[in-house]
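Undergrad:
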DNA sequence: CAGGATATGGAGATAATCTCCATTTGTCAA
DNA sequence: TTGACAAATGGAGATTATCTCCATATCCTG
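Protein chains in written order, with my numbering: chain A, 65 to 253; chain B, 65 to 253.
#1: Between the C-alpha atoms of residue 137 of chain A and residue 159 of chain A, what's the straight-line distance to the nearest angstrom?
#2: Is the segment 228-235 of chain B in contact with the segment 206-226 of chain A, if contact means three or more CB pairs nearer than 8 Å?
#3: Give the single residue among A:187, A:211, A:215 whose Cα lies nearest to the Cα of residue 252 of chain A.
#4: Drop a sphere of 10 angstroms on the beta-carbon of residue 71 of chain B, count the other beta-carbons inside from all chains shown, and report buried for 16 or more, exposed for fewer.
#5: Starting from the beta carbon of residue 163 of chain A, find every residue of chain B whose beta carbon is closer than 9 Å, and list them in chain order.
#6: In the segment 226-238 of chain B, which residues sit with their C-beta less than 8 Å from some C-beta in chain A, listed in chain order?
#7: For residue 197 of chain B, I'd like the list of residues in its chain whose CB is within less than 6 Å of its CB, leaving aside the five on either flank, ordered along the chain.
#8: Tell me the rounded alpha-carbon separation between residue 124 of chain B and residue 69 of chain A.
#9: Find the nearest neighbour of residue 95 of chain A within the set A:228, A:154, A:167, A:224, judged by alpha-carbon distance.
#10: Could you give the C-beta distance for residue 149 of chain A and residue 195 of chain A, rounded to a whole number, given that I count them as a contact under 8 Å?
#11: Under a Cβ-count criterion, where at least 16 other Cβ atoms within 10 Å of its own Cβ denotes burial, should residue 248 of chain B be classed as buried or exposed?
#12: If we cut at 8 Å on Cβ distances, does residue 214 of chain A have a partner in chain B?
#13: With H, G and I counted as helix, E and B as strand and the rest as coil, what does DSSP make of residue 77 of chain B?
#14: Are the segment 76-84 of chain A and the segment 110-118 of chain A touching by the rule of at least three beta carbon pairs closer than 8 Å?
#15: With DSSP run on the structure shown, which of helix, strand or coil describes residue 245 of chain A?
#16: Spell out whether any CB of chain A is found under 8 Å from the CB atom of residue 241 of chain B.
#17: So that I know if they touch, is there some Cβ in chain A lying closer than 8 Å to that of residue 160 of chain B?
#18: Cβ of residue 207 of chain B within 8 Å of Cβ of residue 225 of chain A?
#19: Return the CA-CA distance between residue 84 of chain B and residue 191 of chain B, expressed in angstroms with no decimal places.
#20: Mapping the DSSP letters down to three states, classify residue 172 of chain A as helix, strand or coil.
#21: If we define contact as Cβ-Cβ less than 8 Å, is residue 245 of chain B a contact residue for chain A?
#22: How many angstroms separate the CA atom of residue 127 of chain A from the CA atom of residue 188 of chain A?
#23: Residues of chain A with CB under 8 Å from residue 136 of chain B, in chain order?
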């Protein structure tokens with residue numbers, strides 16, 4: 065399928081300039097307010113080049129998002145390897161909130177992408193979800209978490225936190241959701 | 065402030081035609097895919113008229129959303145008046161899920177609006193939130209729900225359900241989130 | 001280093017959004 | 001009623017954003 069001969073080095077350079085610029089704008093939360101052609105100017109690149117590398121605004125956002133997701137998945141694996149299952153799960157959920165807190169724009173951009181029904185985002189979502197599923201499964205295994213709730217429900221709660229990032233008491237409420245979910249997950253006596 | 069002299073009857077008619085058309089498109093989930101000028105043609109109205117009534121696409125969406133929110137708030141009040149606090153809360157959350165299930169497009173559109181950081185949507189959100197806050201407060205009052213979690217957290221979980229509406233197992237997972245939240249809210253023994 | 005393959009920038013085609021105003025329609029006082 | 005004034009209308013076209021195309025520049029391979 066994707067039998068891509070490797071990019072020429074100049075192409076690679078341009079592509080990275082574009083990604084770096086997008087990354088910045090993304091974190092600043094301006095991603096969807098900026099004229100698309102301006103990404104090109106900002107990155108020191110012609111409009112044609114921008115469109116060849118990323119045919120749509122969403123394609124660009126997805127490329128940025130991809131990096132974020134990979135980092136989060138790594139984090140999940142790392143926690144799972146070093147902590148008891150229940151703590152790993154709790155730790156990961158709290159880390160997710162920290163991450164959204166630190167990357168102002170990420171939350172908003174994620175919500176927009178989510179709403180756009182993009183398929184690549186769904187794929188990234190699935191990777192993240194696999195990580196969450198593993199964490200939950202491990203905790204079910206060792207008996208600290210009930211076994212009748214799907215990991216998908218936990219994902220939804222995370223989505224909600226992301227989607228609502230502009231609320232004034234965001235941080236406190238996000239922590240509240242996590243507490244609620246963790247308590248709800250605890251195995252009933 | 066808004067010392068609006070009443071609209072002339074023809075203006076009122078056009079405005080309602082526009083709203084009715086938007087409502088349909090909204091529920092069908094095509095709201096953000098349709099050329100804005102086409103709303104005008106669809107509603108049998110000139111572009112100028114459309115823009116006078118609703119200066120932006122978001123303004124139109126918000127107007128539609130407003131109706132939805134009012135209906136949901138009524139529903140909350142009704143439940144609160146006829147059921148014990150805990151059941152009213154549970155019933156309302158489940159009704160919200162039903163509502164999103166029935167209005168395919170609403171969930172997607174809501175997520176998009178949310179992401180756009182609109183202020184009117186925030187206002188509508190606040191109305192909904194007041195309803196939820198009341199339900200939670202009543203349940204705290206009669207001792208069935210813990211008192212250390214803000215209603216905002218419940219709102220976030222609902223947002224999450226809306227934002228994720230395109231997941232294949234949406235309905236089951238949404239019910240899962242609600243279960244999680246309700247269990248998490250139960251007053252610890 | 002020559003020749004072919006790749007990639008580039010940016011001018012302008014295409015498409016969407018929004019404005020403007022000559023005309024129509026409703027309102028109300030006489 | 002009706003005349004006169006205010007409010008509202010539609011849609012042609014100005015404005016702005018998106019995307020395409022290709023003559024030119026750059027890289028790579030033998």
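Where is the CB? At the ideal position from N, CA and C, for every residue including glycine.
What you are looking at is a predicted structure, and each value in this text was computed from that prediction instead of being measured.
TA: For this structure:
#1: As a working mapping, residue 137 of chain A is identified with position 73 in the first chain. As a working mapping, residue 159 of chain A is identified with position 95 in the first chain. Spanning the alpha carbons of residue 137 of chain A and residue 159 of chain A requires a straight line of approximately 11 Å.
#2: Yes: at least three Cβ pairs fall under 8 Å.
#3: Locating residue 252 of chain A in the first chain gives position 188, where the first residue counts as 1. It is A:211 whose Cα lies nearest to the Cα of residue 252 of chain A.
#4: For the purposes of this step, residue 71 of chain B is taken as the residue at position 7 of the second chain. By the 10 Å Cβ count, residue 71 of chain B comes out exposed.
#5: As a working note, residue 163 of chain A is residue 99 in the first chain. Ordered by position in chain B, no residue passes the 9 Å Cβ test against residue 163 of chain A, which lies about 16 Å from the chain.
#6: Residues of the segment 226-238 of chain B with a C-beta atom less than 8 Å from some C-beta of chain A are 226, 227, 228, 230, 231, 233, 236, 237, 238, listed in chain order.
#7: Working through the second chain from its first residue, we reach residue 197 of chain B at position 133. The answer, listed in chain order, is 215.
#8: For the purposes of this step, residue 124 of chain B is identified with residue 60 of the second chain, where counting begins at 1. For the purposes of this step, residue 69 of chain A is identified with residue 5 of the first chain, where counting begins at 1. Using only the alpha carbons, I get a separation of about 48 Å.
#9: Residue mapping note: residue 95 of chain A aligns to position 31 of the first chain, counting from 1. Among A:228, A:154, A:167, A:224, the Cα nearest to that of residue 95 of chain A is on A:167.
#10: Within the first chain, residue 149 of chain A is the residue found at index 85, counting from 1. Within the first chain, residue 195 of chain A is the residue found at index 131, counting from 1. Not really, about 13 Å apart at Cβ, beyond 8 Å.
#11: Here residue 248 of chain B refers to the residue found at position 184 of the second chain. The residue in question, residue 248 of chain B, is buried, as its Cβ has 16 or more Cβ neighbours within 10 Å.
#12: Here residue 214 of chain A refers to the residue found at position 150 of the first chain. Chain B contact via Cβ: present.
#13: Taking the second chain and counting its residues from 1, one reaches residue 77 of chain B at position 13. In the structure shown, residue 77 of chain B sits in a helix (DSSP, three-state: H, G or I).
#14: Yes, the segment 76-84 of chain A touches the segment 110-118 of chain A.
#15: On the first chain, position 181 is the one that residue 245 of chain A refers to. Helix.
#16: In the second chain, the residue the question calls residue 241 of chain B occupies position 177. Yes, residue 241 of chain B lies at the interface with chain A (some Cβ there is under 8 Å from its Cβ).
#17: As a working mapping, residue 160 of chain B is identified with position 96 in the second chain. Not one chain A Cβ lies under 8 Å of residue 160 of chain B.
#18: Stepping through the second chain from its first residue, residue 207 of chain B is reached at position 143. Stepping through the first chain from its first residue, residue 225 of chain A is reached at position 161. Judged by their CB atoms, residue 207 of chain B and residue 225 of chain A are not nearer to each other than the 8 Å cut-off.
#19: Here residue 84 of chain B is taken as the residue at index 20 of the second chain, counted from 1. Here residue 191 of chain B is taken as the residue at index 127 of the second chain, counted from 1. About 23 Å.
#20: Counting from one through the first chain, the residue named residue 172 of chain A turns up at place 108. Three-state result, residue 172 of chain A: helix.
#21: Your numbering for residue 245 of chain B matches position 181 in the second chain. Yes, its Cβ sits closer than 8 Å to a Cβ of chain A.
#22: As a working mapping, residue 127 of chain A is identified with position 63 in the first chain. As a working mapping, residue 188 of chain A is identified with position 124 in the first chain. Whole-angstrom Cα-Cα distance: 10 Å.
#23: To locate residue 136 of chain B, count along the second chain from 1; it is residue 72. The contacting residues do not exist; residue 136 of chain B stays about 17 Å from chain A at best.
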